[in-house]
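To start, the structure itself, in structure tokens.
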Amino acid sequence: MASTLLDAHHAACAARDAGANALAPEAVVLIRNHYRGALARGETDNHGDRSSLAHDAHTLIRRIRREEDMILRFVVDLTVPFSNNQAERDVRPVKVQQRTSGGCWRTLAGLVDFAVVQSYLSTATKWGLDTLDVLERLFTTGPWLPPAAEPG
Numbered sequence: 001m002a003s004t005l006l007d008a009h010h011a012a013c014a015a016r017d018a019g020a021n022a023l024a025p026e027a028v029v030l031i032r033n034h035y036r037g038a039l040a041r042g043e044t045d046n047h048g049d050r051s052s053l054a055h056d057a058h059t060l061i062r063r064i065r066r067e068e069d070m071i072l073r074f075v076v077d078l079t080v081p082f083s084n085n086q087a088e089r090d091v092r093p094v095k096v097q098q099r100t101s102g103g104c105w106r107t108l109a110g111l112v113d114f115a116v117v118q119s120y121l122s123t124a125t126k127w128g129l130d131t132l133d134v135l136e137r138l139f140t141t142g143p144w145l146p147p148a149a150e151p152g
């Protein structure tokens, strides 16, 4: 399954780099066939095994089969990223703060303030700026703001 998904990722990247809006329909069909074949191999490899590991594998296979369209969305829509790593990185500071504060926020206002600061720092980082420099600038010369979008 991993090699199937990585091959699909490379095909999507190549199409995106070539300026295409989508993969060729034949390529999408081929990727889906390989995906389904990997699921079938997983079922065959675990057939008849009654261990808890095999049960977990069957549960995962059912879930991956059910969510095929969502998992392969990056193949059909080239604007969708291959992984959700960026979304997970954006949520991680909130989860760390939650764990270190006993799992709760004292006030809703405190949560809002934390979210505003995290959003500010995340945006600055995505623009290639150092977070410490941005914070220093915030308290000395005023907030850094990304450039305004030009009218389309």
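Just so we're aligned: the sequence shown equals residues 1 to 152 in this note's numbering. Glycine included, C-beta positions come from ideal geometry on N, C-alpha and C.
Using a Cβ-Cβ cut-off of 6 Å (strictly less than) and excluding sequence neighbours within five positions of Val134, which residues of its own chain qualify?
Ala124, Trp144
Contact under 8 Å by Cβ, Ala15 with Leu23
yes
In this structure, does DSSP put Leu39 in helix, strand or coil?
helix
Nearest-angstrom Cα separation, counted from Asp130 out to His55
47 Å
Output yes or no for whether 8 Å exceeds the beta carbon distance between Ala8 and Val80.
no
Runs of alpha helix (DSSP H) wholly within the stretch 84-126 (minimum 4 residues, chain order)
85-100, 108-126
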